[in-house]
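Just so we're aligned: 170 in full-length UniProt numbering is position 170 of the sequence shown, and the numbers increase by one with no gaps anywhere. Heads up, the beta-carbon is just placed ideally off N, CA and C, and yes, glycines get one too. Bear in mind the structure is a predicted one, so any value in this text is a computation, not a measurement.
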Amino acid sequence: MFSPIKNTRVYEKAIEQIKDMIVEGTFKKGDKLPSEREMAESLQISRTSIREALRELEIMGLIESRQGDGNFVKSSFENNLLKPLSTIFLLKESNPDEILELRQIIERGSVVLAAERITDEELEEMELLFQDSSKLNFKNQLVDIDIAFHYKIAQASKNFLILSILNAISFLIEAFIKDIRKNVITKKENTDMLIKQHRDILSALKEHDPMAAEEAMLSHLQYVNSQMKKEIEITT
């Protein structure tokens with residue numbers, strides 16, 4: 001299974017081999033890795049080097065260590081971008097505008113792919129988000145509906161990387177400008193506009209019209225971003 005390693009930086013070579021096996025599917029999501037002893041013998045390196053390699057792989061988010069049960073390939077890699085992006089945001093002293101700009105770039109591409117690939121079942125699920133708009137508590141649920149709406153578009157793009165990046169962006173918004181987003185979405189003067197914009201996007205998706213979907217998404221995000229920037233100015 002493994003190839004013997006002959007190198008002074010042996011743990012890095014061990015990382016490469018294990019990572020390649022995960023990518024190639026030798027070790028699948030949720031699989032338990034061989035024991036430290038077995039891997040050390042197969043790779044012909046020390047258990048200390050194996051432990052170092054496993055520690056680095058865990059930091060990368062590829063595996064997880066379970067106390068008393070061994071090391072496992074992660075069942076999901078969707079959250080792997082969260083820590084690096086939030087760390088960059090903090091260390092580079094980025095501002096909320098950069099989050100909004102990144103979101104706009106990614107979501108425009110996402111909705112174009114979704115318009116081409118979305119299924120009837122996915123369209124029905126999105127329609128269900130708005131069928132109860134006449135209920136009294138609908139406006140109180142707008143933040144959750146907004147998050148779900150954009151998530152379903154990303155899912156419909158059938159592109160795992162786009163979905164992962166948008167999850168990371170959503171995390172940044174939740175971590176750094178959550179209250180600002182909530183204030184914008186729940187303001188009475190914004191509510192009707194946001195619902196209309198979401199419906200415009202959904203209509204374009206139903207027509208499988210990528211250009212119309214992108215235009216509707218851009219109009220929506222430009223409006224939301226402008227309102228959020230106003231809120232940021234008020235709070236700073």
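Which residues bound the alpha helix (DSSP H) around residue i?
| i | result |
| --- | --- |
| Ile195 | Lys188 to Lys206 |
| Lys13 | Val10 to Glu24 |
| Ile145 | Leu142 to Ala156 |
| Ile106 | Pro96 to Arg117 |
| Leu128 | Asp120 to Leu128 |
Name the one or two DSSP bridge partners that residue i has.
| i | result |
| --- | --- |
| Phe72 | Lys32 and Glu64 |
Taking only the alpha-carbon atoms, compute the straight-line gap between residue i and residue j and give it to the nearest angstrom.
| i | j | result |
| --- | --- | --- |
| Ile106 | Phe27 | 31 Å |
| Leu62 | Ile153 | 26 Å |
| Glu174 | Glu98 | 14 Å |
| Ile145 | Ile185 | 10 Å |
| Ile195 | Glu127 | 12 Å |
| Arg9 | Asp209 | 53 Å |
| Leu136 | Asn225 | Low confidence applies here, because Leu136 scores a pLDDT of 45, under 50, leaving its location unreliable and the question unanswered by this model. |
| Ala148 | Ser49 | 44 Å |
| Glu125 | Arg55 | 41 Å |
| Lys187 | Ile232 | 15 Å |
| Leu205 | Ala213 | 6 Å |
| Arg47 | Gln155 | 41 Å |
| Ile169 | Lys19 | 26 Å |
| Lys13 | Lys74 | 20 Å |
| Ile59 | Arg117 | 34 Å |
| Met21 | Met1 | 9 Å |
Do residue i and residue j have their CB atoms nearer than 9 Å?
| i | j | result |
| --- | --- | --- |
| Gln17 | Leu43 | yes |
| Gln222 | Asn190 | no |
| Leu53 | Ile15 | The amino acid at residue 53 is misidentified as Leu; the sequence shows Ala. In this structure, Ile15 lies closer than 9 Å to Ala53 by Cβ. |
| Leu33 | Asn95 | no |
| Leu202 | Ser110 | no |
| Ala114 | Ser157 | yes |
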